[in-house]
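Everything on this sheet refers to the single structure shown next.
Number of protein chains: 2
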Amino acid sequence: MSKTPRKSREDILNLAVPLFAKSGFDGVSIRNVASQSELTPAALYYHFKDKEALYFETVKHAFETKTTAAKELIENKDEAIANLEKFIIWFVATLNKENDFQKLLQWVLLDSNTKRMQSLVKDVFADLFITTRKLAESFSPSYDPHMLSISIIGLVLCHFQSQQGRQYLPGNKAVHDQPRVISAHIINLLKNGLPSSC
Amino acid sequence: MSKTPRKSREDILNLAVPLFAKSGFDGVSIRNVASQSELTPAALYYHFKDKEALYFETVKHAFETKTTAAKELIENKDEAIANLEKFIIWFVATLNKENDFQKLLQWVLLDSNTKRMQSLVKDVFADLFITTRKLAESFSPSYDPHMLSISIIGLVLCHFQSQQGRQYLPGNKAVHDQPRVISAHIINLLKNGLPSSC
DNA sequence: CTTGACTGAACGAACGTTTAATTAATTTTA
DNA sequence: TAAAATTAATTAAACGTTCGTTCAGTCAAG
Numbered sequence: 560m561s562k563t564p565r566k567s568r569e570d571i572l573n574l575a576v577p578l579f580a581k582s583g584f585d586g587v588s589i590r591n592v593a594s595q596s597e598l599t600p601a602a603l604y605y606h607f608k609d610k611e612a613l614y615f616e617t618v619k620h621a622f623e624t625k626t627t628a629a630k631e632l633i634e635n636k637d638e639a640i641a642n643l644e645k646f647i648i649w650f651v652a653t654l655n656k657e658n659d660f661q662k663l664l665q666w667v668l669l670d671s672n673t674k675r676m677q678s679l680v681k682d683v684f685a686d687l688f689i690t691t692r693k694l695a696e697s698f699s700p701s702y703d704p705h706m707l708s709i710s711i712i713g714l715v716l717c718h719f720q721s722q723q724g725r726q727y728l729p730g731n732k733a734v735h736d737q738p739r740v741i742s743a744h745i746i747n748l749l750k751n752g753l754p755s756s757c
Numbered sequence: 560m561s562k563t564p565r566k567s568r569e570d571i572l573n574l575a576v577p578l579f580a581k582s583g584f585d586g587v588s589i590r591n592v593a594s595q596s597e598l599t600p601a602a603l604y605y606h607f608k609d610k611e612a613l614y615f616e617t618v619k620h621a622f623e624t625k626t627t628a629a630k631e632l633i634e635n636k637d638e639a640i641a642n643l644e645k646f647i648i649w650f651v652a653t654l655n656k657e658n659d660f661q662k663l664l665q666w667v668l669l670d671s672n673t674k675r676m677q678s679l680v681k682d683v684f685a686d687l688f689i690t691t692r693k694l695a696e697s698f699s700p701s702y703d704p705h706m707l708s709i710s711i712i713g714l715v716l717c718h719f720q721s722q723q724g725r726q727y728l729p730g731n732k733a734v735h736d737q738p739r740v741i742s743a744h745i746i747n748l749l750k751n752g753l754p755s756s757c
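In order, the protein sequence lines correspond to chains A and B. The number in my numbering is simply the position in the first sequence, starting from 1, with 559 added. The number in my numbering is simply the position in the second sequence, starting from 1, with 559 added.
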């Protein structure tokens, strides 16, 4: 057993995830990733073709483990609304547990490089979206499945996306960060809508 | 009248807005802004202390004209739900018209620099949030005003945030980009919730 | 002894920023 | 009102750093 074990490709990716999650493609340098993984910049070029490839693999790696769980969640033939509840609870819990996952998703959607965003959306994000879409189809034709999917994902995401900034806004309480509170709020809103008399 | 009129501070900001909206703080260099405004990098340092100040002023400038309009919108004493409808229609129309506005908001929320994000949220975004909060208070105590504000803003934002990526996802149609379709979808969802029988 | 994993050093380019000098506009003076 | 003095706006050039990337060589493992 060597004292300083060699870093595998996957080790590097795991260490790169929080870096790219925090600062995005432009905000992270090869040297940042290198020093985080205790390697030389040149060593990274042995594992990855260039910075683009390193970034792509990192985002893909962060997504891979997550999306498979979602699919299994809604395989059964429960009622539409029950499946939706399960999905939202899972999604909220996942975003809460894995903050990097949510951040990377935002970076992908903001990416100024069209080609990079395209391949990331197709290869990495489409899977999660299709799962949500299947859920949304249960509420057709009242709602367009595509638009409803976007709404559901956005409704969950925004509570995490705003987490850093919210603390400087009036009325913020620590309880708003709790996954149970967030999922309960969203489910209530989706089930009943705004008017309390219903 | 001179042939190449001098750029005022505001002219520079107007030219910087689309740059920072597209690529964020790290993705835009002083030289980018300089060449866009047909100035030397050094000339920018006559108008702005450093890159941070230029970025801050740019974001602030892009927000200033927008948020004042929102306030006037809900001054009157209509019913809560009617005010909400007006707000959503205005917000959707604004984001649709001014794409840079939405992008900059996303960049602010993703900012890895805590101090920079804090001052931008306090100085620039809080105004719009407070307006939304006043709306949300009408639905208290069924909903926590703070959480409901976040949900409403997120519900609108996500349809624009996903605009670039959506085209690579199944079921996307051009009609989903139309402001009227988006606002109608959101209002319907907020008023009635998911179950069509209600 | 070959192959895989890595290092040290360097490349040119781009980065944010500063400096001294120059031009354009404005104000003051004669 | 024209010239002079003053201030405002801008320039070219350069500073030290950091960037992504390459390359020749080294070291350990099979």
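Using N, Cα and C, we set each Cβ at its ideal position, and we do this for glycine too. Since this is a predicted model, take the numbers as computed values, not measurements.
Which residues of the region 729-751 of chain A have a Cβ closer than 9 Å to any Cβ of chain B? Give them in chain order.
Pro729, Gly730, Asn731, Lys732, Val734, His735, Val740, Ile741, His744, Ile745, Asn747, Leu748, Leu749, Lys750 and Asn751
Measuring only the C-alpha atoms, how far is Asp585 (chain A) from Val680 (chain B)?
Numbered from 1 along the first sequence, position 26 holds the residue referred to as residue 585 (chain A). Numbered from 1 along the second sequence, position 121 holds the residue referred to as residue 680 (chain B). Whole-angstrom Cα-Cα distance: 22 Å.
Check whether the Cβ of Ala621 (chain A) lies closer than 8 Å to any Cβ atom in chain B.
Within the first sequence, residue 621 (chain A) is the residue found at index 62, counting from 1. So, not an interface residue.
I'd like the list of long-range same chain contacts for Leu643 (chain A), defined as Cβ closer than 6 Å, with 5 residues on each side in sequence excluded.
Start at 1 with the first residue of the first sequence, and residue 643 (chain A) comes out as number 84. Only Leu694 meet the Cβ criterion.
Which bits of chain A does Pro555 (chain B) rub up against, with CB to CB less than 8 Å?
Beyond the ends of chain B as shown, which are 560 and 757, falls residue 555 (chain B); an answer cannot be given.
For the region 652-670 of chain A, enumerate the residues whose C-beta is nearer than 9 Å to any C-beta of chain B, in chain order.
Residues passing the 9 Å Cβ filter: Lys662, Gln665, Trp666, Val667, Leu668, Leu669 and Asp670.
Alpha helix (DSSP H) runs wholly inside the region 592-679 of chain A, at least 4 long, in chain order:
With a minimum length of 4 residues, the continuous alpha helix (DSSP H) runs that stay inside the region 592-679 of chain A are 600-606, 610-632, 639-656, 658-669 and 673-679.
Using a Cβ-Cβ cutoff of less than 6 Å, which residues in the same chain neighbour Leu748 (chain B) once the five nearest sequence positions on both sides are dropped?
Here residue 748 (chain B) corresponds to residue number 189 of the second sequence, with the count starting at 1. Around Leu748 (chain B): no qualifying Cβ.
Closer than 9 Å at the beta carbon, the chain B residues around Ile571 (chain A)
In the first sequence, the residue the question calls residue 571 (chain A) occupies position 12. Near Ile571 (chain A) there are no residues of chain B at all, since even the closest Cβ is about 21 Å away, more than 9 Å.
Compare the Cα-Cα distances from Leu707 (chain B) to each of B:Ser721, B:Phe615, B:Thr691 and B:Phe719 and report the closest residue.
Numbered from 1 along the second sequence, position 148 holds the residue referred to as residue 707 (chain B). Nearest C-alpha to Leu707 (chain B): B:Thr691.
Determine, using beta carbons only, whether Leu585 (chain A) comes closer than 8 Å to chain B.
Taking the first sequence and counting its residues from 1, one reaches residue 585 (chain A) at position 26. A small correction: the amino acid at residue 585 (chain A) is Asp; Leu does not occupy that position in the sequence shown. Asp585 (chain A) counts as touching chain B.
If you measure between the beta carbons of Ile709 (chain A) and Ser721 (chain B), is that distance less than 8 Å?
Here residue 709 (chain A) refers to the residue found at position 150 of the first sequence. Here residue 721 (chain B) refers to the residue found at position 162 of the second sequence. Yes, they are a contact pair.
Check whether the Cβ atoms of Ile640 (chain B) and Pro754 (chain A) lie closer than 8 Å to each other.
Counted from its first residue, the second sequence places residue 640 (chain B) at position 81. Counted from its first residue, the first sequence places residue 754 (chain A) at position 195. Yes; because the gap between Cβ atoms is below 8 Å, this pair is in contact.
Taking the straight line between their C-alpha atoms, what separation do you get for Glu569 (chain B) and Gln661 (chain B)?
As a first step, residue 569 (chain B) is located in the second sequence; it is residue number 10 there, counting from the start. As a first step, residue 661 (chain B) is located in the second sequence; it is residue number 102 there, counting from the start. Their Cα atoms are separated by approximately 20 Å.
Quick one: does Lys674 (chain B) have its CB under 8 Å from some CB of chain A?
Position 115 of the second sequence, counted from the start, is the residue given in the question as residue 674 (chain B). By this cut-off, Lys674 (chain B) is not an interface position.
Going by other Cβ atoms of all chains shown within 10 Å of its Cβ, with 16 needed for buried, is Ala575 (chain A) buried or exposed?
One-based indexing of the first sequence puts residue 575 (chain A) at position 16. It counts as buried.
Boundaries of the alpha helix (DSSP H) in which His718 (chain A) is found, first to last residue
Within the first sequence, numbered from 1, the residue matching residue 718 (chain A) stands at position 159. Element bounds for His718 (chain A): Pro704 to Gln720.
Proximal chain B residues relative to Lys581 (chain A), where beta-carbon distance stays under 8 Å:
Here the question's residue 581 (chain A) lines up with position 22 in the first sequence. Neighbours of Lys581 (chain A) in chain B, taken as residues at a C-beta separation under 8 Å, are given in chain order as Ser671.
Strictly below 8 Å CB to CB, what residues from chain A border Val680 (chain B)?
The residue you call residue 680 (chain B) lines up with position 121 of the second sequence. Residues of chain A passing the Cβ test: Gly724, Tyr727 and Leu728.
Alpha carbon to alpha carbon, how far is Lys674 (chain B) from Asp703 (chain B)? Give it in angstroms, no decimals.
Along the second sequence, read from residue 1 onward, the residue named residue 703 (chain B) stands at position 144. Along the second sequence, read from residue 1 onward, the residue named residue 674 (chain B) stands at position 115. Roughly 28 Å between the two C-alpha positions.
Burial state of Leu653 (chain A) (16 or more Cβ within 10 Å)
As a working mapping, residue 653 (chain A) is identified with position 94 in the first sequence. Looking at the sequence itself, residue 653 (chain A) is Thr, so the reference to Leu does not match. Buried.
Tell me whether Ile746 (chain B) sits in a helix, a strand or coil according to DSSP, three-state version.
As a first step, residue 746 (chain B) is located in the second sequence; it is residue number 187 there, counting from the start. The answer is helix: DSSP assigns Ile746 (chain B) an H, G or I state.
Which first and last residues belong to the alpha helix (DSSP H) in which Phe698 (chain A) is found?
If you number the first sequence from 1, residue 698 (chain A) lands on position 139. Where Phe698 (chain A) is concerned, there is no enclosing alpha helix (DSSP H), given that its DSSP letter is neither H nor E.
Would you say the beta carbon of Asn672 (chain B) comes nearer than 7 Å to a heavy atom of the ligand HEM?
The ligand HEM is not part of the structure shown, which contains no ligands of any sort.
Can you list, in chain order, the residues of its chain with a C-beta nearer than 6 Å to that of Pro577 (chain B)? Leave out the 5 residues immediately preceding and following it.
One-based indexing of the second sequence puts residue 577 (chain B) at position 18. Only Asp659 meet the Cβ criterion.
Give a yes or no on whether the minimum CB-CB distance between His718 (chain B) and chain A is below 8 Å.
In the second sequence, residue 718 (chain B) corresponds to position 159, counting from 1. Closer than 8 Å to some Cβ of chain A, the Cβ of His718 (chain B) qualifies, so yes.
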